[in-house]
Ligand SMILES: [Zn+2]
Ligand SMILES: [Zn+2]
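Numbering (our numbering), first residue to last: 49 to 447.
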């Protein structure tokens, strides 16, 4: 099994709401079509699967793994393990993955009849992997989610320069097929634009982004250094960065000095951290409510529902930088409109642009491309010349 995530949308193409799945049996969820009807996968029967390969810690790739039989081992990267663990600790998901085996980039391993080589890829999800899977004389390459324009763009260039050879099937993501590219091309464009705004602006900035999008957190932090502003994060974000320190020493940390501070909010996350006392670790980086009021024009505050609510009285001369997929914007727009806070959208996709997909496919030159992670599998042929093998949802094919 390669990845087993939550659907992004329901049958009506509306955002999928996983809360509807709570307290329902596997049988009921299969009947409703939420879980696919696959033999030998779930907790209620003997396993027919050797293992799961998990590409990266985004819920659309791992959100259904809590239903599988825990006897089946899950292979994942160290960073993926950390972030799946953090999301479970903070009750964002109910995936408490126990039977996991961490794997290293470029280090092939064998499981059953398969030889698997993990390739690290550039993506908005941390420590993301693609997989080369070899068995019975065939080679399959699973791209996972990837791009070439993030802070790990070299990984993309490396695969282009040195692609795996003789691939029979390339299972290729196509998130941006049929979607616009947006105004900002690379993660470095984002950093530059933020630095410019922070330097020239006299306002207080809020930035809406994901605490687990490490590339973006790095861009914001670097822009703060360049403009001599203080990046004010919440304890949850501090905890995410702290947990990833052992994987990469370049990830900004709460104790890195004057350009990063923590504002201690009171919410379910901090009460959880308070109970096991992990919260107190971060108190040396504390910034108080009063200090925030005084230093407002030298701050960049990481937005969250609780941060917004805490500072509702202090939102004059404020700009919101919206640094997430635009699809989520309508949810928060009314709040900021009511406060007369202008919204500036600064975002670049975590997924490959069409040109990047073309370059990738040209280098790999597979016999067949199997589209996945796309709303428009039928449009791959507009951009790619290789044979496209369209597999519909829940259809079975033998490779
Ligand atoms: Zn995805
Ligand atoms: Zn992803």
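We put the CB at the ideal spot given by N, CA and C, even for glycine.
Going along the chain, which residues of its own chain have a beta-carbon closer than 8 Å to the beta-carbon of residue i, five neighbours each way excluded?
i, result
"residue 270", "239, 243"
"residue 78", "84, 85"
"residue 93", "87, 117"
"residue 415", "215, 216, 217, 434, 435"
"residue 447", "186, 188, 216, 217"
"residue 96", "87, 88, 89"
For residue i, which residues from the same chain have a beta carbon less than 6 Å from its beta carbon, with the 5 sequence-adjacent residues on both sides left out?
i, result
"residue 425", "419, 438"
"residue 363", "387, 389"
"residue 183", "161, 162"
"residue 225", "422, 424, 427"
"residue 204", "170, 196"
"residue 8", "Since the first residue shown for the chain is 49 and the last is 447, residue 8 is missing from the structure and cannot be characterised."
"residue 395", "371"
"residue 286", "302, 310, 330"
"residue 153", "166, 168"
Buried or exposed: which applies to residue i, given that a residue is buried once 16 or more other Cβ atoms fall within 10 Å of its Cβ?
i, result
"residue 250", "exposed"
"residue 119", "exposed"
"residue 113", "buried"
"residue 445", "exposed"
"residue 168", "buried"
"residue 67", "exposed"
"residue 91", "exposed"
"residue 355", "buried"
"residue 376", "exposed"
"residue 222", "buried"
"residue 357", "exposed"
"residue 261", "buried"
"residue 378", "exposed"
"residue 72", "exposed"
"residue 430", "exposed"
"residue 466", "Beyond the ends of the chain as shown, which are 49 and 447, falls residue 466; an answer cannot be given."
"residue 341", "exposed"
"residue 277", "buried"
"residue 252", "buried"
Is residue i near residue j, with beta carbons less than 7 Å apart?
i, j, result
"residue 264", "residue 191", "no"
"residue 335", "residue 311", "yes"
"residue 412", "residue 156", "no"
"residue 151", "residue 110", "no"
"residue 298", "residue 272", "no"
"residue 164", "residue 181", "yes"
"residue 89", "residue 116", "yes"
"residue 58", "residue 64", "yes"
"residue 345", "residue 256", "no"
"residue 198", "residue 235", "yes"
"residue 288", "residue 316", "no"
"residue 127", "residue 175", "yes"
"residue 348", "residue 279", "yes"
"residue 456", "residue 313", "Nothing about residue 456 can be reported from this structure: the residues present for the chain run from 49 to 447 only."
"residue 103", "residue 218", "no"
"residue 333", "residue 294", "no"
"residue 179", "residue 131", "no"
"residue 186", "residue 215", "no"
"residue 417", "residue 145", "no"
"residue 398", "residue 125", "no"
To which residues of the same chain is residue i closer than 7 Å at the C-beta, ignoring the five residues directly before and after it?
i, result
"residue 384", "368, 391"
"residue 229", "401"
"residue 84", "442"
"residue 129", "148, 150"
"residue 275", "243, 246, 247"
"residue 141", "107, 111, 135"
"residue 284", "138, 259, 317"
"residue 300", "265, 266, 269, 289, 308"
"residue 291", "130, 134"
"residue 241", "232, 394"
Taking only three categories from DSSP, how would you classify residue i?
i, result
"residue 183", "strand"
"residue 254", "strand"
"residue 158", "strand"
"residue 132", "helix"
"residue 195", "strand"
"residue 263", "helix"
"residue 365", "coil"
"residue 101", "strand"
"residue 94", "coil"
"residue 165", "strand"
"residue 85", "coil"
"residue 178", "strand"
"residue 150", "strand"
"residue 74", "helix"
"residue 115", "helix"
query = Fully enclosed by the region 381-440, which alpha helix (DSSP H) runs are 4 residues long or longer?
reply = Annotation note: the region 381-440 contains the following uninterrupted alpha helix (DSSP H) runs of length 4 or greater, listed N- to C-terminal: 402-412.
inquiry  = Report the start-end ranges of each alpha helix (DSSP H) in the region 279-353 that is 4 residues or longer and not cut off at the edges.
reply    = 283-292, 316-323, 337-342
Ordered list of beta strand (DSSP E) runs contained in the region 207-250, each at least 3 residues = Inside the region 207-250, DSSP marks whole beta strand (DSSP E) runs of 3 or more residues at positions 217-221, from first to last along the chain.
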